[in-house]
Amino acid sequence: MIEMHDVWKTYADGTEALRGISIKVNPGDFVYVVGPSGAGKSTFMKLMYREERPTKGQIFVNGFNLERLKQRKIPYVRRNIGVIFQDYRLLPKLTVFENVAFAMEVIETPKRTIKRRVMEVLDLVKLKEKAGSLPTQLSGGEQQRVAIARAIVNNPAVIIADEPTGNLDPETSWGIMKLLEEINLRGATIVMATHNKEIVNTMRKRVIAIENGRIARDEQRGEYGYED
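If you count by UniProt numbering, then the sequence shown holds residues 1 to 228, one letter each, in order.
This is the structure we're talking about:
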């Protein structure tokens with residue numbers, strides 16, 4: 001599903017973000033990525049959806065070698081990867097329905113299919129009645145649920161969630177986590193970067209800890225392990 005083999009990432013200014021990362025994430029896994037600020041978590045996440053490229057090493061997602069992938073093939077890979085961001089990244093002038101539909105329009109899905117599928121996922125994230133609302137008319141938790149709907153609308157095999165509860169209050173965060181757990185139970189593989197100690201320690205999943213660009217721990221049913 002996801003494999004990294006001796007992956008290194010050095011930026012142009014000489015910053016060594018990742019050093020010799022090797023991991024395997026199996027289909028259906030739910031993985032937390034934790035570690036101190038500046039440890040390399042964001043780079044690690046971005047490599048999985050080809051936002052960044054490694055300086056050295058190989059990355060495979062759904063059988064594709066991302067390092068050898070031709071530019072024109074990237075959209076095909078991303079159809080099977082849903083990305084959820086901390087800051088939602090919704091298009092402000094589009095309605096909830098249009099924001100989610102956009103992810104299907106870019107891959108030229110038929111309009112009839114788009115209408116049916118978008119309403120299905122809005123129902124799943126409990127926002128069906130907000131389909132005609134603009135992002136500014138929603139709470140932060142509702143905006144994040146729209147972002148999740150957009151990420152899953154194309155039935156991706158992998159969900160990359162980068163601090164999806166980072167801007168939310170505790171109660172709303174738990175609602176988002178229950179939704180992600182349901183999506184995982186439906187078959188999606190989820191890799192989630194987080195600083196939320198309570199969530200990691202309560203919803204015991206696999207934990208990959210990154211420190212100074214290296215994997216410090218990789219534990220099934222692991223704990224957060226930091227005091228930030």
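Backbone N, C-alpha and C define an ideal beta-carbon position, used for all residues, glycine too.
Since this is a predicted model, take the numbers as computed values, not measurements.
By the criterion of a C-beta distance shorter than 7 Å, Arg117 is surrounded in its chain by Met104, Val153, once the five residues flanking it on both sides are discounted. Secondary structure of Lys178 (DSSP, three-state): helix. Sixteen is the threshold: when 16 or more other Cβ atoms of the shown chains lie within 10 Å of the Cβ of Thr189, as they do, the residue is buried.
Residue state for Tyr76 is assigned as helix, using DSSP reduced to three classes. Ranked by how close their Cα comes to the Cα of Arg19, the residues Phe30, Gly57, Val25, Val31 have Gly57 in first place. The Cβ-Cβ distance between Ala17 and Thr43 falls below 8 Å. With the rule of 3 Cβ pairs closer than 8 Å, the stretch 143-153 counts as touching the stretch 74-94. Rounded to whole angstroms, the separation of the alpha carbons of Glu163 and Leu66 is 23 Å. As computed with DSSP, Leu18 is found in a beta bridge with Lys9. Taking 8 Å as the upper bound for CB-CB distance, Val207 and Glu198 are not in contact here, some 14 Å apart. The three-state secondary structure of Glu108, taken from DSSP, is coil. Restricting attention to Ser22, Pro135, Leu168, the CA atom closest to the CA of Arg89 is found in Pro135.
Boundaries of the beta strand (DSSP E) around Gln58: 56-61. In this structure, Asn212 lies near Ala39, with their beta-carbon atoms less than 8 Å apart. Under DSSP, Glu219 shares a beta bridge with Val207. Between the alpha carbons of Gly132 and Thr95 lies a distance of about 5 Å. Secondary structure at Arg214: strand, using DSSP grouped into helix, strand and coil. Taking the Cα of Leu47 as reference, the smallest distance to any Cα among Ile160, Gly166, Asn99 is reached at Ile160. Closest option to Met4, judged by alpha-carbon separation, among Ala147, Ser139, Ile21, Leu179: Ile21. Put simply, of Ala157, Val158, Gly175, Val7 the residue whose alpha carbon is nearest the alpha carbon of Thr165 is Gly175.
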